[in-house]
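Chains as they are written, first to last, in the numbering used here: chain A, 9 to 633; chain B, 34 to 117. Scroll down for the structure; my scribbles are underneath it.
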């Protein structure tokens with residue numbers, strides 16, 4: 009079967025599976041819609057959480073980011089896994105015992121304040137939309153790269169699929185589709201990674217492959233690195249020869265520290281992750297479930313680090329000094345007789361992820377540090393789809409300044425190419441490529457669905473149910489369960505439409521998702537929930553002051569330095585905007601503590617509630633409204 | 034449940050959390066960031082130790098920490114008869 013047919017087949021079958029699950033898991037009540045009825049098995053919930061968590065960025069981009077950042081990439085690997093330790097130990101069990109449906113629910117009830125609840129709803133919506141727009145864009149990009157459709161058409165197809173299972177099944181539908189999506193993505197990621205590990209180091213497990221030695225000799229452009237060299241030595245040698253920093257050399261320790269804290273704490277404070285722990289039956293299940301989630305995430309994350317290292321070696325081996333025309337058409341033989349065929353390079357030039365600029369006119373590709381194209385980000389500007397006589401795609405950028413050591417770089421390599429093109433670079437069969445397409449879509453759709461659900465439930469449950477239609481006499485919602493379920497479905501539809509729109513016309517803030525989503529979650533939800541559980545004395549005034557300080561400080565800092573042209577020299581304590589959530593969190597803790605100690609302690613029933621949250625027994629009881 | 038017992042349970046809970054978080058901090062922020070250069074002096078099969086902690090090792094420790102936490106807390110819950 010040809011590649012295109014296989015891709016349609018794999019993507020089609022996986023989509024059909026998600027829809028069948030959605031119909032089987034239709035939500036009948038708001039409890040089904042918000043928390044999947046509260047009866048999800050901890051292992052299933054762990055798997056769903058892992059899929060919910062690992063986005064298109066984890067699946068497609070992260071290996072590439074690490075392949076280029078080297079050692080500093082560890083901030084992302086530790087940051088996006090270490091947060092689960094905080095979730096398991098400090099949040100999940102207590103929030104499960106609290107036993108409501110959403111994060112604003114906790115904030116609003118614990119601090120008995122509709123202002124706090126509303127601020128929480130706004131923060132949830134802003135964080136989740138920033139995040140979801142990137143996912144919708146991710147769906148569009150996968151479609152456009154693998155199925156040759158327009159990015160926008162891809163976004164719309166993604167909207168339709170999410171629409172079917174999120175609107176119909178709510179959290180129940182999403183949970184069970186996420187279980188299926190996790191399996192699709194993990195298989196899609198591991199198969200090429202294992203092949204790659206065998207190819208580069210002759211080791212089966214990629215996690216152990218980095219301890220291996222290279223199976224081939226390769227020319228890094230300056231010298232030949234012999235077969236049998238320790239992989240990491242080969243990598244450090246090759247990249248330093250080409251003018252990059254050594255792969256294993258750490259950069260700025262302080263900024264790596266701040267970024268790691270912001271990512272960990274942000275992870276633990278992200279509403280779409282927290283809400284997953286409301287779906288299990290008991291407190292002990294919430295703890296176990298966080299463990300399972302991290303276990304399933306770790307399988308992929310520990311693979312990512314290895315894939316990054318293999319790919320960097322692989323790219324240098326494949327690309328350095330090959331004659332373009334012969335390489336992409338019939339292939340060339342490496343010095344040791346291995347066949348090296350560059351068909352993939354040509355394919356991905358069409359996807360605008362690769363470009364070659366033959367600056368020294370020798371007809372061969374040279375890869376080194378530095379920009380190959382004159383552009384602020386070194387990106388190629390393609391001359392429509394025109395190609396030169398030797399077949400490479402033409403660009404219109406002026407020539408960048410020459411004279412770099414050891415030679416001028418001629419290739420632009422988008423970081424996403426690392427995962428997307430690995431199967432082709434490693435000569436894997438077509439079905440593996442088709443699997444990557446299905447896996448990338450699974451990663452993007454599972455995260456998008458989780459985020460959309462959080463947005464719709466904060467609107468229907470918190471804003472409509474608990475603020476706008478609150479019965480002042482009883483403090484409960486005036487909406488019946490059926491009315492609220494309908495409201496939840498309508499909010500989900502509205503959220504999908506807005507997310508799709510943002511995916512098609514991504515505003516500038518979407519590119520700053522790491523800074524905004526993680527920074528704001530770290531500066532708002534994480535501290536306020538922790539204080540709500542661990543500090544019985546924390547009161548309404550302290551909480552509101554803390555949240556406002558955290559949000560306003562972090563938001564303004566990011567906006568000033570990213571969008572208003574703030575000079576990096578003026579960074580507070582030298583902290584880059586991606587790590588500023590950490591400072592926001594510290595300020596939140598300090599302000600909340602001081603204000604709460606200056607004002608009256610919280611009423612007796614709230615203090616009782618805190619006592620109650622701390623004891624596991626009794627979480628199984630019904631908690632409907 | 035008496036107030037005294039509840040307080041004792043909470044104290045034991047907090048102490049377990051603090052011990053586990055200490056390990057969590059040491060492997061990630063300690064080994065993977067603050068002391069990465071020192072640990073990088075040690076190499077196993079070409080892999081620098083600090084680098085390994087930052088990219089893989091700390092993740093394994095995180096998984097083990099949650100596993101220990103779950104077992105530990107279940108025991109404490111039973112000891113104080115607050116399990117479900």
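Every residue, glycine too, gets a C-beta built ideally from N, C-alpha and C.
Look at the Cβ atom of residue 87(B), then the Cβ atom of residue 82(A), and state whether they are nearer than 9 Å.
yes
Considering only their Cβ atoms, is the gap separating residue 373(A) from residue 419(A) smaller than 9 Å?
Cβ atoms of residue 419(A) and residue 373(A): closer than 9 Å.
Ignoring anything shorter than 4 residues, give me the alpha helix (DSSP H) runs that lie fully in the segment 532-616 of chain A, in order along the chain.
533-542, 548-566, 589-606
Name the DSSP beta bridge partners of residue 477(A), please?
Per DSSP, none; premise fails for residue 477(A).
Contact list for the segment 197-230 of chain A against chain B, Cβ threshold 8 Å
215, 218, 219, 220, 221
Quick check: what's the CA-CA separation for residue 411(A) versus residue 383(A)?
17 Å
Listed by chain order, chain A residues near residue 66(B) by CB distance under 7 Å:
The contacting residues are 261, 264, 265, 268.
Would residue 78(B) pass as an interface residue toward chain A - the criterion being a Cβ-Cβ separation below 9 Å?
yes
Can you list, in chain order, the residues of its chain whose CB lies under 6 Å from that of residue 359(A), leaving out five sequence neighbours each side?
153
Where does residue 199(A) fall in DSSP's three states?
It is helical.
Give, in chain order, every unbroken run of the alpha helix (DSSP H) that is at least 4 residues long and sits entirely within the segment 281-346 of chain A.
291-327, 332-337
Name the DSSP beta bridge partners of residue 367(A), please?
In DSSP, residue 367(A) forms no bridge with anything.
Quick one: does residue 46(A) have its CB under 9 Å from some CB of chain B?
no
Identify which residue in 357(A), 366(A), 86(A), 26(A) has its Cα closest to the Cα of residue 63(B).
86(A)
Contact with chain B by residue 291(A), beta-carbon distance below 9 Å
yes
Can you tell me which residues form a DSSP beta bridge with residue 233(A)?
226(A)
Do residue 70(A) and residue 421(A) have their beta-carbon atoms positioned less than 9 Å apart in this structure?
no
Using the rule of at least 16 other Cβ atoms within 10 Å of the residue's Cβ for burial, across every protein chain shown, is residue 12(A) buried or exposed?
Exposed, by the Cβ-count rule.
Note down, in chain order, every chain A residue with its Cβ under 7 Å from the Cβ of residue 53(B).
97
Stretch-stretch touch, CB-based, cutoff 8 Å, three pairs: the segment 439-447 of chain A with the segment 38-48 of chain A
In the pairwise beta carbon analysis, the segment 439-447 of chain A is classified as not touching the segment 38-48 of chain A: fewer than three pairs are separated by under 8 Å.
Does residue 117(B) get closer than 9 Å to chain A when you measure Cβ to Cβ?
yes
Give me the DSSP bridge partner(s) of residue 372(A).
Per DSSP, 331(A).
Whole-angstrom distance between residue 469(A) and residue 51(B), CA atom to CA atom:
35 Å
Under a three-way DSSP split, which group does residue 256(A) fall into?
In this structure, DSSP gives residue 256(A) a state outside helix and strand, which the three-state scheme calls coil.
Does DSSP put residue 157(A) in a helix, in a strand, or in coil?
Note: residue 157(A) maps to coil in three-state DSSP.
Just the C-alpha distance for residue 32(B) and residue 42(B), rounded to the nearest angstrom, thanks.
Residue coverage of chain B in this structure runs from 34 to 117, which leaves residue 32(B) outside it and unanswerable.
Thinking C-beta only, is residue 82(B) closer than 9 Å to residue 72(B)?
yes
Give the residues of chain C in contact with residue 619(A), contact being defined as C-beta atoms less than 7 Å apart.
No chain C is part of this structure, whose protein chains are labelled A and B.
Short of 8 Å in beta carbon distance, which residues of its chain neighbour residue 108(A), apart from the five on each side in sequence? Order them along the chain.
Same-chain partners within the cutoff: 114, 117, 286, 631.
So for residue 394(A), helix, strand or coil by DSSP?
strand
Other residues of its chain near residue 609(A): CB distance less than 7 Å, five sequence neighbours each side excluded
545, 547
According to DSSP, residues forming a beta bridge with residue 150(A):
DSSP, once it has assigned bridges, lists no residue as partnering residue 150(A).
Taking 6 Å as the limit between beta carbons, can you name the residues of its chain near residue 117(B), skipping five residues before and five after?
none
Distance, residue 48(B) Cα to residue 280(A) Cα
29 Å
Quick one: does residue 112(B) have its CB under 9 Å from some CB of chain A?
So no, residue 112(B) is outside the interface.
By the 10 Å Cβ neighbour count, where 16 or more other Cβ atoms means buried, how is residue 40(B) classified, buried or exposed?
The residue in question, residue 40(B), is exposed, as its Cβ has fewer than 16 Cβ neighbours within 10 Å.
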